[in-house]
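Notes follow once the structure below has been shown.
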Amino acid sequence: MLKLPTPNIGKISILVAILTWLALLFVDITRIFQSVNQMENTLAPEISYILEILFFILVYIFYNYSINKNENIDFLNLIWRGVSTGLLATLISFGISIFYLMLGESKLGSDPLLSNFFYHVNFAFITLFLISTSLLWKHLILYQKSKKVVQQWQAFEVLMLMSMFFVFINKNDFDYSFIFGLVFLSIFSASLSVNLKWIPYLTFKEKWKSILFLVIILVCTTFLFSSLSSYSDIGVTSFVNLTDNLFLIGLFAFVFIYALFSFLVTLFNLPTSSVFEQKLVEAINFQRLSQSIKPGQDESQVLDILIDSSMSASYADGGWLEILDKDNIPQMIQKRFIDEEIREEIVALFQTIKPFSEFDWSLEDNDTKKFYGKIPHNIYKSAFLIPLVVNKKTIGRMYLVKEVRDGFNKEMINIITTFVGQASISVENYRLLNEAIKTERYKEELKIAQRVQQSLLPKELHHNEKFEICGFSVAADEVGGDFYETKDLDEGVFAIIIGDVSGKGTSAAFNMSQMKGIFHSLVQLKPNPGEFLYKANIALSQCLERNHFITTSYFLLDTSQQTIRYSRAGHCPTLFYDHSQDKAAYLSADGLGLGIVRNANYRNYIHESEFSFEKEDILVLYTDGIIEATNKKGEEFGYDKLKSTFEKYKNLSADKIQERIINQVYQFVGEGGIPDDDFSIMVIKFNP
C-alpha cells in the first residue's frame, strides 16, 4: 500500500494564514473604497471579524508547532526568538512611520486605501510578535510543571480564545465591558507571571543577557502598542478597528507583564535563596536515606523515605515501589496516591511503549539507563521508571507518574537518581550487615561493604595542568570514616575537601557517605568555604547522632589567581611548603567540628583564610590517623616527624612524596603492625 507523506502542519498553517490576511486586507480595503466613492456598503463587518479570528488561530498553530518541534531549545534562545520577532515588527512599524513622515501633507499621504494597507501590514507583524512571544512565555512558565500551573495556563488559553469573539458583542466600542475584560485578563496574566522557576538555572552571564533581551521586548511592546493605537487617531479604521480587539490588547498586556516580572526578578535575583534552600532540603533527604538503615531494622524504612523524597522533589502525583522477593518475583511494597486498578493499567502500558518496554530485570547496566517520557493514559500523561541496582543486580524499581505531559526535567531526574543510588547502597549495607550477624561469613560480607565504601572515594581527582594531586586512604577496620573529594567548579577553580568522621567501622562509614552527599549537593552552588561549613553543619545536625561529629577542611583553589581560600572545622592543620622561602609550616585556622554546635551559633566558630601560592609550592592534607599512629613503645608519629619526613622528600613528585610518607608511617608503627585509626593523605604540588 502506498503510504502518503505526513503533512507539514507548520508550512500549511502559515500559508493559510497569509491567504487569510490577504482576504482580510481585500475585504477592508473594498469596504473603504465603497465608502470613499459613496457606494452601497455590501460587506458586513462580521466578515472581517471572522477572518481576523481565523488569522489569529492559524498564527497560533504555526508558532506552537514550530516551538514544540524544537522543545530542547535553551532559555536564552527562547527569549531571543521573541526579541528577533519584536525587532522585525518594530523595524517595519518604524519604517512605515518614516515613510509617512516623508510624504508629509501630500495627497498620497492622506490616501485612505494606502493607509489601510500599511495598517494591515503593521497589524500582521505585531500579531506575529505577540502570539509567538506568548507561546515562548508558555514554555518558560511550564518549565517545572505542576498540575496547578498547567491548569492555570489552560484556563488562560480558554479566556484568550473567548476574547477573540468579544468583538461580535463589543462591536469595536471601547466601553466599560471592554475595560473590565482587559483588567481581568491583565490580572490573570500577572498571576501566571509569578512562575519564574527557570531564572535560577541561568548562569551569571546568562542572566545579564536575559536582562538585555527582556528590556528589548519591553521597548518593542511599548512602541508597537503606541504605533498600532495611533492609527485610530488619524481615522483610517472607521469601519473595523482592529486595535480595539480585546484579544490583541490582552496579548499586549500578557507579553509586557511577564517580560516586566522576568526583568525585575532576574535583576534582583530574588529566587536564589529559595533554590539554595531547595538544595539544602535535597541534601537533608540524602542524609535521611544514608542513616535510616541500621542493623536489626527493616529495610522498608529506607524505601519509605526514598519514595516520599522522590515524589517531593519531582512534584509527582502518584508512585509505587516494587522489590524482587526470594523467588525473583516483583512485589509492590510502597504505594502513594494512586488506585490499584489504575496502577495495573499503567504497568500494562509500560510493556507496550518505549522506553519503558526496554526495561529488563537481568541487565547489569540498568542504573545507567533512563526510562521516562509520555504515556497514553487518561489521567497520567508522563512517567519515570527508576531501577534500584545493587552490585550490578537490579533488586527493584520505582514508578513515578504525573498528570501533565513532559513532567520530568533533567534536574528532577538527576536528584532522584542520586536518591535511588544512595538508597540502593543503604539497602545493600543493611542486607550485608544483618547477614553477617546471622552467619559466620561476617568478614567476607564486610569486604563487600568495604568495596561499596571505597567506591565512594574518588577514582580520579580533578586538576589541571597547573598542579598535580594524589590521594590515599586506608581504614583501620574493614570500613572507615575518612573521606576526601574534589570538584571542578569553573575554569581554573577547584573545590577540595578532606575529612574524618568520629568513630570507626560501619557507623563511621555511614556518616562518611552522608558527608559525601552534602558535599555534592552544596558544591553545585559554589559557596565560599565558610558558607559551605555553615550549611553542611545545618544538614548534618538533622541526621548525625548526638555523640557523633565530623572534622573537615574545605579549600577553594583558584589557579588563575593563584590563591587558596579555606576554612577548617576542627580538622588537622594543613602542611604548606613555600618554595620561595624553602620553608614548610602548618597553616593556622581555628574551627569547630561539624555537628558539635547544632544551631546558628556555629557561624561564630567559622574562620575563613586566604593565601597565595607560587610554582613548586606544596600542600599536604591528612587525617589524624597519620600523626596519631603509635609504635610498639607507645610513641606517636606526630607533627614534627610528618614535617621532617615531608622536607626530606619535598623535591619529588606529588605521588612519590605521598608514597614516602605512607611508607615512613608503616615503618614507624613496626613490622606487621597496623595503624590504630583510619588515615588518609592528599598531596598537591604546583607545577613549575
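Counting in our numbering, the sequence shown runs from 5 upward without gaps. Cβ coordinates follow ideal geometry from the N, Cα and C atoms, glycine included. Owing to the predicted nature of the structure, the values given are computational and were not obtained by experimental measurement.
Start and end residues, beta strand (DSSP E) containing residue 580: Note, residue 580: beta strand (DSSP E), 579 to 582.
For the alpha helix (DSSP H) holding residue 319, just list the boundary residues, first then last. Run containing residue 319: none; DSSP gives neither H nor E here.
First and last residue of the uninterrupted beta strand (DSSP E) at residue 625: 622 to 626
Less than 8 Å between the C-beta atoms of residue 269 and residue 474, yes or no? no
So the beta strand (DSSP E) residue 560 belongs to, where does it begin and stop? 554 to 562
Spatial neighbours of residue 172 within its chain, please: C-beta separation below 8 Å, excluding the five flanking residues on both sides. The beta carbon of residue 172 is closer than 8 Å to those of 50 and 53 in its chain, skipping five residues each way along the sequence.
Give me whichever residues DSSP pairs with residue 391 in a beta bridge. Answer is 401, bridged to residue 391.
Hey, residue 708 and residue 383: beta-carbon distance below 8 Å or not? Residue numbering for the chain in the displayed model covers 5 to 692; residue 708 lies beyond these limits and cannot be assessed.
Please confirm whether residue 593 and residue 579 have their CB atoms less than 8 Å apart. no
Just mark residue 259 as buried or exposed, buried being the case when its beta carbon has 16 or more other beta carbons within 10 Å. buried
Comparing C-alpha positions only, which one of 110, 119 and 220 sits nearest to residue 137? 220
Kindly indicate if chain C contains any beta-carbon less than 8 Å away from that of residue 541. Absence of chain C from the displayed structure is noted, only one protein chain being present.
Where does residue 6 fall in DSSP's three states? Any answer about residue 6 is weak, because its pLDDT of 46 lies below 50 and its placement is not dependable; what the coordinates show is given next. In this structure, residue 6 counts as coil in the three-state DSSP scheme.
Classify residue 502: buried if its beta carbon has 16 or more other beta carbons within 10 angstroms, exposed otherwise. buried
Per-residue DSSP class, three states only, for residue 449: Its pLDDT being 48, under 50, residue 449 is placed unreliably by the model, and nothing is read from it.
Going by C-alpha to C-alpha distance, which of 329, 385 and 479 sits closest to residue 681? 479
Which ranges does the alpha helix (DSSP H) cover as unbroken runs of at least 4 residues, wholly within the segment 78 to 117, from first to last along the chain? Here the runs fully enclosed are 79 to 107.
Could you check the C-alpha separation between residue 414 and residue 133 for me, to the nearest Å? 30 Å
Could you give the first and the last residue of the continuous alpha helix (DSSP H) run that contains residue 538? From DSSP, the alpha helix (DSSP H) with residue 538 extends over 533 to 545.
May I have the straight-line CA-CA distance separating residue 565 from residue 386, to the nearest angstrom? 47 Å
Please state if the CB of residue 94 and the CB of residue 224 are separated by a distance shorter than 8 Å. With contacts defined as CB atoms closer than 8 Å, residue 224 and residue 94 qualify as a contacting pair.
Closer than 8 Å by C-beta to residue 324: which residues in its own chain qualify, once you throw out the five before and the five after it? Chain order, please. 311, 336, 338, 339, 340, 342, 347, 402 and 403
Quick check: the segment 85 to 93 against the segment 155 to 164, are there 3 or more CB pairs under 8 Å? Because the criterion of three Cβ pairs below 8 Å is not met, the segment 85 to 93 and the segment 155 to 164 do not touch.
If you draw a straight line from the alpha carbon of residue 61 to that of residue 200, how long is it in whole angstroms? CA-to-CA, the gap between residue 61 and residue 200 works out to about 27 Å.
Are the CB atoms of residue 490 and residue 466 nearer to each other than 8 Å? yes
If you compare alpha carbons, which of 43, 96, 417 and 349 is closest to residue 315? When the alpha-carbon of residue 315 is set against those of 43, 96, 417 and 349, the nearest one is in 417.
Report buried or exposed for residue 299, applying the criterion of at least 16 other Cβ atoms within 10 angstroms of its Cβ. Any reading at residue 299 is ruled out, since the residue's pLDDT is 48, under 50, leaving its predicted position unreliable.
Tell me, which residues are paired with residue 328 by DSSP? Residue pairing for residue 328: DSSP places it in a beta bridge opposite 334.
Residue 29 and residue 103: beta carbons closer than 8 Å? no
Using only CA atoms, which one of 267, 205, 13 and 194 lies nearest to residue 255? For residue 255, the closest of 267, 205, 13 and 194 by C-alpha to C-alpha distance is 194.
DSSP three-state label for residue 569, please. strand
Residue span of the beta strand (DSSP E) that contains residue 498, given as start and end: 497 to 505
Nearest to residue 127 (by Cα), restricted to the options 229, 271, 683 and 79: For residue 127, the nearest C-alpha among the options comes from 229.
Per the contact definition of three or more C-beta pairs closer than 8 Å, is the segment 646 to 663 in contact with the segment 601 to 608? no
In terms of DSSP beta bridges, what is residue 615 paired with? Paired residue(s): 568.
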